[in-house]
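Heads up, the thing below is written out as structure tokens.
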Amino acid sequence: GGVEALKHKYPWQVLIQIYFSVGRTGRCGGSIINDRYVLTAAHCTYKGDKPCTIKVEPEDMSVTVAEHNINSISDDVRGVTDRIDISEIKRHYSYCKGAVEMDNDIALLRLKEVLVFVDVPEIGYVCLPNESWESYKGDVGIISGWGYKEEFYHEREDEDLALTLQEVSVRIHENCDNYPIQEDITPNMFCAGDEINLKDACQGDSGGPLVVERMGQYLLVGTVSFGPDGGNCTGEGVYTKISPYVQWIRENTLDADC
């Protein structure tokens, strides 16, 4: 339900491709947070539709930076748009270990190449929020990705996956009281969506950013985690809060320069 974003409007946005087997791949989003690491959802680093089963190895994932149209090279930036291999996957130590399966749905991907930001406006990092999430309640955030454009899972075909980066504005909710399965929600999550225009993130957007603009600066407030059973992408999705994990992120990216 989104609209095409301007080319390279969100320079931290990356396309993550997961190679499950010959001819079978998956797609997620992610955010550049420094010159070495991409932040994404932990469930993107597992194979199959059921998380917490078979882990994806680093050699079975790649990150494409400065991407816009994934089916064309005409808008690639020479010497900038690049598919980069992953050297290490750092999943949060509590993911898949609690009573709620999707709690702590966050992971870091260490890139095999160091990113260069100087004089390269098409690549950049997004700032992390402060460690208090409360200040973002009620804000309008922006989500972006190459996920499905169809609202309902049973109507989707592969051709319904977005070819160009899409964006949509959503309202960050005070709580997840309207989410149909309350036992799936923890304090590490929040809900957001546009129930009036029936817009939300969808499959293929997982791990991608939800950003809020403050004083001309974008802050990474959440990452796309999951939605209601049945693949309904029409109004309220669940996101991993970044604020509770800022310290964990810093401790696990000490080898990055910026």
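Going by UniProt numbering, the first residue of the sequence shown is number 1, and it counts up by one from there. Using N, Cα and C, we set each Cβ at its ideal position, and we do this for glycine too.
Cβ neighbour criterion (16 or more within 10 Å) applied to residue i
| i | result |
| --- | --- |
| residue 183 | exposed |
| residue 154 | Here the model assigns residue 154 a pLDDT of 49, short of 50, so the residue's position is not dependable, and the following value carries that caveat. Exposed. |
| residue 251 | exposed |
| residue 178 | exposed |
| residue 62 | buried |
| residue 156 | Summary for residue 156: the model assigns pLDDT 47, below 50, so the residue's position carries little reliability, and this model does not support an answer. |
| residue 137 | exposed |
| residue 199 | buried |
| residue 86 | buried |
| residue 181 | exposed |
| residue 116 | exposed |
| residue 25 | exposed |
| residue 93 | exposed |
| residue 32 | buried |
| residue 74 | exposed |
| residue 255 | exposed |
| residue 129 | buried |
| residue 100 | exposed |
For residue i, the first and last residue of its enclosing alpha helix (DSSP H)
| i | result |
| --- | --- |
| residue 251 | 246 to 251 |
Endpoints, the beta strand (DSSP E) within which residue i is located
| i | result |
| --- | --- |
| residue 94 | From DSSP, residue 94 is part of no beta strand (DSSP E); its letter is neither H nor E. |
| residue 102 | Run containing residue 102: none; DSSP gives neither H nor E here. |
| residue 117 | Premise fails: residue 117 is in no beta strand (DSSP E) and is neither H nor E. |
| residue 275 | In the structure displayed, the chain extends from 1 to 258; residue 275 sits before or after that span and is not available. |
| residue 171 | 166 to 172 |
| residue 58 | First-last for residue 58: undefined, no H or E at that position. |
| residue 241 | 237 to 241 |
| residue 28 | 24 to 32 |
| residue 224 | 217 to 226 |
| residue 213 | 209 to 214 |
| residue 144 | 140 to 145 |
| residue 191 | 189 to 193 |
| residue 13 | 13 to 21 |
| residue 38 | 37 to 40 |
Proximity to residue i [Cα-Cα], best of the options
| i | options | result |
| --- | --- | --- |
| residue 10 | 92, 62, 126, 43 | 126 |
| residue 174 | 62, 193, 14 | 193 |
| residue 217 | 246, 177, 142 | 142 |
| residue 134 | 221, 80, 250, 50 | 221 |
| residue 243 | 190, 112, 117 | 190 |
| residue 123 | 200, 163, 64 | 64 |
| residue 77 | 160, 226, 50, 119 | 119 |
| residue 50 | 6, 12, 96 | 96 |
| residue 13 | 213, 90, 145 | 145 |
| residue 187 | 196, 132, 164, 165 | 132 |
| residue 72 | 89, 164, 149, 5 | 164 |
| residue 113 | 255, 84, 195, 2 | 84 |
| residue 48 | 70, 20, 116 | 20 |
| residue 70 | 4, 52, 130, 121 | 4 |
| residue 2 | 227, 53, 8, 162 | 162 |
| residue 81 | 147, 7, 53, 128 | 7 |
Anticipated Cβ contact below 8 Å, residue i with residue j, distance rounded
| i | j | result |
| --- | --- | --- |
| residue 208 | residue 98 | Going by Cβ atoms, the distance from residue 208 to residue 98 rounds to 23 Å, so no, they are not a contact pair. |
| residue 46 | residue 109 | Their Cβ separation, rounded to whole angstroms, is 14 Å, which puts residue 46 and residue 109 out of contact at 8 Å. |
| residue 34 | residue 258 | 5 Å |
| residue 212 | residue 139 | 5 Å |
Short CB-CB distance (under 8 Å) between residue i and chain B
| i | result |
| --- | --- |
| residue 129 | Absent here is chain B; the protein component of the structure consists of one chain. |
The stretch 92 to 104 touching the stretch 39 to 47, judged by at least three CB pairs closer than 8 Å: Yes: at least three Cβ pairs fall under 8 Å.
Stretch-stretch touch, CB-based, cutoff 8 Å, three pairs: the stretch 56 to 64 with the stretch 239 to 250: Cβ pair count under 8 Å is below three, so no.
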